[in-house]
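All remarks here apply to the structure that follows.
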Amino acid sequence: MKSKAYLIDMGTRMNMNMLPLASGLISSFAMADDVIKGEYDIDIQFIRRPIRELVNELKHPKIIGISLYVWNLKATLNYAKLIKALHPDVIIVAGGYSVPKDKERIKKFYLDNPYIDILVHGEGEITFSEILKSTIDNKDYSKIDGITYKGSSSGTGAEFVTTKKRGRIADLNQIPSPFLNGVFDMLINKYGSQITGTVWETNRGCPYSCSFCDWGYSDTNSIYKHDLNRLYEELKWISKNKIHWIFGADGNFGIFYKRDYQIAEWVSDLCKKTSCPKFFIINWLKNSHERIVNIAEILEKGGVTSNVTLSIQSLNSETLKAIKRKNIKSENYNQIKAELHKRKTPTVVELILGLPLESYETFVNGLEKIMTASLYNHFAIYICSILENTEMSKEYYREKYGIITKECPVGMSKTSFDTDFIETEEYIIGTATMPVDDWGKSYIYGYLATVLYNHRVCFYIMNYIKNELDLNYRLFVEFLLDEVQTNKDKYKIFNEGIQHIIKQKDNIIKGINCMCPIKDSESVFSPHEGCVAILLNEIDICYLELKDLLGKYFKKHGYVLDEEVLGDIVNYQKIVMPRMQKYSNNNFIFKTNIPCYFNSLVDNKQLPEIKKEQTRVEISQHRNNFNSFDEFAKNIVNFGHTLTLNDVNIVY
Numbered sequence: 191m192k193s194k195a196y197l198i199d200m201g202t203r204m205n206m207n208m209l210p211l212a213s214g215l216i217s218s219f220a221m222a223d224d225v226i227k228g229e230y231d232i233d234i235q236f237i238r239r240p241i242r243e244l245v246n247e248l249k250h251p252k253i254i255g256i257s258l259y260v261w262n263l264k265a266t267l268n269y270a271k272l273i274k275a276l277h278p279d280v281i282i283v284a285g286g287y288s289v290p291k292d293k294e295r296i297k298k299f300y301l302d303n304p305y306i307d308i309l310v311h312g313e314g315e316i317t318f319s320e321i322l323k324s325t326i327d328n329k330d331y332s333k334i335d336g337i338t339y340k341g342s343s344s345g346t347g348a349e350f351v352t353t354k355k356r357g358r359i360a361d362l363n364q365i366p367s368p369f370l371n372g373v374f375d376m377l378i379n380k381y382g383s384q385i386t387g388t389v390w391e392t393n394r395g396c397p398y399s400c401s402f403c404d405w406g407y408s409d410t411n412s413i414y415k416h417d418l419n420r421l422y423e424e425l426k427w428i429s430k431n432k433i434h435w436i437f438g439a440d441g442n443f444g445i446f447y448k449r450d451y452q453i454a455e456w457v458s459d460l461c462k463k464t465s466c467p468k469f470f471i472i473n474w475l476k477n478s479h480e481r482i483v484n485i486a487e488i489l490e491k492g493g494v495t496s497n498v499t500l501s502i503q504s505l506n507s508e509t510l511k512a513i514k515r516k517n518i519k520s521e522n523y524n525q526i527k528a529e530l531h532k533r534k535t536p537t538v539v540e541l542i543l544g545l546p547l548e549s550y551e552t553f554v555n556g557l558e559k560i561m562t563a564s565l566y567n568h569f570a571i572y573i574c575s576i577l578e579n580t581e582m583s584k585e586y587y588r589e590k591y592g593i594i595t596k597e598c599p600v601g602m603s604k605t606s607f608d609t610d611f612i613e614t615e616e617y618i619i620g621t622a623t624m625p626v627d628d629w630g631k632s633y634i635y636g637y638l639a640t641v642l643y644n645h646r647v648c649f650y651i652m653n654y655i656k657n658e659l660d661l662n663y664r665l666f667v668e669f670l671l672d673e674v675q676t677n678k679d680k681y682k683i684f685n686e687g688i689q690h691i692i693k694q695k696d697n698i699i700k701g702i703n704c705m706c707p708i709k710d711s712e713s714v715f716s717p718h719e720g721c722v723a724i725l726l727n728e729i730d731i732c733y734l735e736l737k738d739l740l741g742k743y744f745k746k747h748g749y750v751l752d753e754e755v756l757g758d759i760v761n762y763q764k765i766v767m768p769r770m771q772k773y774s775n776n777n778f779i780f781k782t783n784i785p786c787y788f789n790s791l792v793d794n795k796q797l798p799e800i801k802k803e804q805t806r807v808e809i810s811q812h813r814n815n816f817n818s819f820d821e822f823a824k825n826i827v828n829f830g831h832t833l834t835l836n837d838v839n840i841v842y
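Below is the structure:
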């Protein structure tokens, strides 16, 4: 009877179950070897369930391969610990980005996790196959490159041997495709409709060396490509099997322009014909604008939803030097956004909070530069975390920039933290230029700006102020924050929303969690999503409070605004926002031409003079009438980035 090997990928705890590309490639390469195929059957486990249930599925395992990353590290290691307790002779091999490479970190890892036998450094296809072969013979690991294994003189994990570094796989064609050789067909047959997405790569490697990124080291600076014919056949398989989501594992899609343009055409054509794949989530290349625009346009024409992300990370030049980041030149960056927005293609600008040499001032001013009057403009704020093997994780780097961190439980979905094992990340909560108090201040400002601008709660109002008073966005965000905190009882709904953001900031600093519940919901929420749900749950009171706040803001800056104009500005902002239950009447009468003004403002057209003339509009409402507030709160924000507004059509 053949021996049994298992590859375990416990994923991210997100609702999407993605076909595990790494496990598929490793299995495919191993089973292409006649010696291994004659001795082993390889099974892949990847849909997360209670750990005891997963362990009970194992049938006489001889070798277990596990994949470690921040979103599954603790659960997977505890899974391995339980396996070792039940099957003492099993060989457990750990790979993935969270496997340490530094000698001292390796030593600590083995001391903390003595049930792990072998660590794989770098790509796993060839290495895992050689480990399998060694178990057939005499378990001599010394000739296998790219691993660390326990020394024979001690079973405590205190002594270990690291072999010489393995070179990268330059010819990716030697790795059979799990999409095409039946490996993923078996998973489809086993898990059926539970699978909604897949990880997919067209090339491997990244030319950059960003200090915060675990792609960013010299090991992966060369980029190697999969064969185009293979990729086309894989896409056809994905379409045929009704896989809606593709998550691109490329570091810089678009870097090989003609090739990637052709791949985008294939994705687009398949979506037109079969509606699958419908979503193509990509890590775009960093330093070209025309390529992004053209490829995004091809995908859009086919009905493919993609994420045109501009990974700026920071707009502070000193910070960019510290993290070894070469950004798109500012003129190219602005040109990208303008061209994409002209074509009605949304963009998401990504910023990271807590990077070296960033301060409250540079962070807030960076956000100011990102915000425009375009409805297609979005941004996303991520908290900087320390990842294994990055330059940022090194002691000298931490000392150089005065980095202060806190280990904190993380959530990959809106489900609660009630799970077998709570995963954690090491978040940066302060630096020499952004002390902890300033980090907290930046956190609150950034996520409140996300609510007001990015999630559109105050989008039209903020752009009216910017255009008519020539006052920047920052002044209004800081005014609203200060005024609400000073008069908490008067602005109860806004205060409740802001308190959700503040609570999460405090919880991170204390190491409690990064997502917490809101009132009347069983789920946990990110700061901006929770705040939006709170405000829109009491939408009428929310905008009454906002009207009063606006009156104070205009008065503070010596701006006298007609009461009917003010009322129409706030009312227009309110009717575009989604709400728990639909409006019974889709028609609204305005006393001024404010709807015409806002339509022109967001379309970058010449603005009409604001007049007292009756204007009737009709709105088209999207999904409403949710069954509960919890359902409303969990679905109001799409993918953590955007909110779907009601369409407004001017009748006269």
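Residues 191 to 842 (the working numbering) make up the sequence shown, in order. Virtual Cβ for every residue (Gly too), placed ideally from N, Cα, C.
Which residue marks the beginning of the beta strand (DSSP E) containing residue i, and which one marks its end?
{"i": "Pro-599", "result": "594 to 599"}
{"i": "Gly-214", "result": "Gly-214 -> not in any beta strand (DSSP E); alpha helix (DSSP H) instead, spanning 211 to 221."}
{"i": "Trp-390", "result": "385 to 390"}
{"i": "Phe-788", "result": "No beta strand (DSSP E) holds Phe-788; the alpha helix (DSSP H) holding it covers 784 to 792."}
{"i": "Phe-780", "result": "777 to 780"}
{"i": "Thr-499", "result": "499 to 503"}
{"i": "Val-538", "result": "537 to 543"}
I'd like the list of long-range same chain contacts for residue i, defined as Cβ closer than 7 Å, with 5 residues on each side in sequence excluded.
{"i": "Val-289", "result": "Leu-258, Leu-309, Val-310, His-311"}
{"i": "Tyr-600", "result": "The question names Tyr, but residue 600 is Val in the sequence shown. Once the five neighbours on either side are set aside, the close Cβ partners of Val-600 are Glu-613, Thr-614, Glu-615, Cys-704."}
{"i": "Trp-427", "result": "Phe-369, Leu-370"}
{"i": "Cys-461", "result": "Pro-467, Lys-468, Gly-492, Gly-493, Val-494"}
{"i": "Asn-815", "result": "Gln-771, Lys-772"}
{"i": "Ser-501", "result": "Lys-476, Glu-540"}
{"i": "Tyr-633", "result": "Leu-543, Lys-695"}
{"i": "Ile-826", "result": "Val-722, Ala-723, Leu-726, Pro-768, Leu-833"}
What residue range is occupied by the uninterrupted alpha helix (DSSP H) comprising residue i?
{"i": "Phe-374", "result": "373 to 381"}
{"i": "Phe-160", "result": "The chain is shown only over 191 to 842; residue 160 falls outside these bounds and no answer can be derived."}
{"i": "Gly-438", "result": "Not the alpha helix (DSSP H): Gly-438 falls in the beta strand (DSSP E), residues 435 to 438."}
{"i": "Thr-266", "result": "263 to 276"}
{"i": "Val-755", "result": "753 to 765"}
Alpha carbons only, please: which of the options is nearest the one belonging to residue i?
{"i": "Trp-261", "options": "Leu-577, Ser-324, Thr-676", "result": "Leu-577"}
{"i": "Asp-628", "options": "Ala-570, Lys-559, Ile-699", "result": "Ile-699"}
{"i": "Leu-377", "options": "Asn-207, Gly-285, Cys-706", "result": "Asn-207"}
{"i": "Asn-848", "options": "Ser-810, Ile-826, Val-841", "result": "This structure cannot settle anything about residue 848, because the visible part of the chain is limited to 191 through 842."}
{"i": "Leu-797", "options": "Gln-804, Phe-666, Asn-789", "result": "Asn-789"}
{"i": "His-416", "options": "Asp-440, Trp-405, Ser-401", "result": "Asp-440"}
Taking the DSSP output, what are the residues bridged to residue i?
{"i": "Ile-254", "result": "Tyr-196, Ile-282"}
{"i": "Val-838", "result": "Ile-809"}
{"i": "Thr-640", "result": "None; Thr-640 has no bridge partner."}
{"i": "Tyr-339", "result": "Ile-308, Val-351"}
{"i": "Cys-706", "result": "Phe-715"}
{"i": "Asn-363", "result": "Paired residue(s): none; Asn-363 is not in a bridge."}
{"i": "Phe-744", "result": "Answer is none; Phe-744 lacks a bridge partner."}
{"i": "Arg-449", "result": "Beta-bridge pairing links Arg-449 to no other residue."}
{"i": "Ile-296", "result": "None, per the DSSP bridge assignment."}
{"i": "Phe-816", "result": "Paired residues: none, contrary to the question."}
Give the secondary structure of residue i by DSSP, where H, G and I count as helix, E and B as strand, and everything else as coil.
{"i": "Gln-675", "result": "helix"}
{"i": "Ala-348", "result": "Since pLDDT at Ala-348 reaches only 48, below the 50 mark, its modelled position is unreliable, and the value read off the structure follows with that caveat. Of the three classes helix, strand and coil, the one that applies to Ala-348 here is coil, per DSSP."}
{"i": "Ile-619", "result": "strand"}
{"i": "Ala-723", "result": "helix"}
{"i": "Thr-325", "result": "helix"}
{"i": "Gln-235", "result": "strand"}
{"i": "Ala-570", "result": "strand"}
{"i": "Ala-563", "result": "coil"}
{"i": "Trp-629", "result": "helix"}
{"i": "Glu-548", "result": "coil"}
{"i": "Tyr-230", "result": "strand"}
{"i": "Trp-474", "result": "strand"}
{"i": "Lys-415", "result": "strand"}
Under 8 Å Cβ to Cβ from residue i, same chain only, skipping five residues before and after it: list those, please.
{"i": "Asp-233", "result": "Lys-194, Ala-195, Tyr-196, Leu-197"}
{"i": "Val-457", "result": "Leu-425, Ile-436, Pro-467, Phe-470, Leu-489, Gly-492, Val-494"}
{"i": "Tyr-572", "result": "Glu-540, Leu-541, Ile-542, Leu-543"}
{"i": "Tyr-733", "result": "Val-760, Asn-761, Gln-763, Lys-764"}
Within a Cβ cutoff of 6 Å, which residues of the same chain sit near residue i, ignoring the five residues on either side of it in sequence?
{"i": "Lys-293", "result": "none"}
{"i": "Arg-394", "result": "Tyr-414"}
{"i": "Ala-360", "result": "Tyr-414"}
{"i": "Ile-306", "result": "Ile-282, Ala-284"}
{"i": "Phe-299", "result": "Pro-290"}
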